[in-house]
Amino acid sequence: MRTRAAFGRVGYMAGALALSLGLLGGCSAPSVSTQTGGPAVAPAQDRDALEAQIAEVTQALRALGPGVDPDEAARAARIAVLKPLDWAREWQVVDAPLVHNVKVVNGFREKGVCQDWADAMEIALHAEGFRTLDIHRAIANARNIKLEHATVIVTADGQPWDSGLILDPWRIGQGRLYTARVGEDDRYSWESREAVRAWTREWKARALAQQG
């Protein structure tokens, strides 16, 4: 039998969820479902599908440039497809992305917003010490009222960040990887993290000057 406190907590979550879904415009999934309990890690029968996705991502990484080492592309693809499923289990991600965001914001989960996925992906890829692939960070919605979205982008060594491949395990939900070339993403307009940080510094400097 649920206590009044338990019912209050459920009501609080429902209210927070409704408010957040109404306000959050960035860091948003293509569609939002409030259903819970989906698998955070693919069952055994889906291993073939995962291997097929790894092969697709490997090919997409190799297509970034003739100098990309095939072994490095394969290693990066395997990390990008499989590691987020481990993080989803570790972070107890069983909901649609926005629903899980609400849980994090309200203290019911520790991690799982887009920034967490991007940080973990960046760390995992950098740990491989790739020589023919560069790891970049990008941000969307930094200059408008929508919430920011963060991702990792991989390019061939020495190539500009906006020529790269987006590796976004947040967008679809539960650690399932979304990939696209930067110029082919029809949902987000990306900026390099460096450009966003420079803009933020300038904005703060102007604000301080106006106060003075």
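Mature numbering (1 follows the signal peptide of the UniProt record, and there is no 0) puts the sequence shown at residues -29 to -1, 1 to 183. Ideal Cβ placement from N, Cα and C applies to all residues, glycine included.
- prompt: Going by the CB atoms, is the gap between H120 and C85 shorter than 9 Å?
  reply: Against a cut-off of 9 Å, the Cβ pair of H120 and C85 comes out as a contact.
message: Tell me the residue span of the beta strand (DSSP E) that contains V84.
response: Unbroken run through V84: none, as it is neither H nor E.
task: Counting only runs of 3+ residues fully inside the region 44 to 132, write out the beta strand (DSSP E) ranges in chain order.
output: Within the region 44 to 132, the complete beta strand (DSSP E) runs of at least 3 residues are 104 to 111, 120 to 127.
With 16 other Cβ atoms within 10 Å as the buried cut-off, status of N112: N112 should be labelled buried.
Range covered by the alpha helix (DSSP H) that runs through A31: Looking at the DSSP string, the run of the alpha helix (DSSP H) that includes A31 is 18 to 33.
query: Taking DSSP as the reference, what is the three-state secondary structure of S134?
result: Under the three-state reduction of DSSP, S134 is assigned to helix.
task: Out of P140, A151, G100, state which residue places its alpha-carbon closest to the alpha-carbon of E43.
output: The shortest C-alpha to C-alpha distance from E43 to any of P140, A151, G100 is the one to G100.
query: Any idea what DSSP makes of A(-1), helix, strand or coil?
result: Here the model assigns A(-1) a pLDDT of 48, short of 50, so the residue's position is not dependable, and the following value carries that caveat. It is coil, neither helix nor strand.
query: Residues in its own chain within less than 6 Å of I143 by CB, not counting five upstream and five downstream?
result: Take I143, set aside five residues on each side of it, and the residues of its chain with a beta-carbon closer than 6 Å to its own are Y149, in chain order.
query: For the beta strand (DSSP E) that P149 lies in, which residues bound it at each end?
result: First, the residue type needs correcting, since residue 149 is Tyr and not Pro in the sequence shown. For Y149, the enclosing beta strand (DSSP E) stretches over residues 149 to 152.
- prompt: Less than 9 Å separating the beta-carbons of S163 and A89?
  reply: Taking 9 Å as the cut-off, the Cβ atoms of S163 and A89 do not count as close.
message: Are the CB atoms of V39 and residue 186 within a distance shorter than 9 Å?
response: The shown model of the chain, from -29 to 183, leaves out residue 186, and the question about it has no answer.
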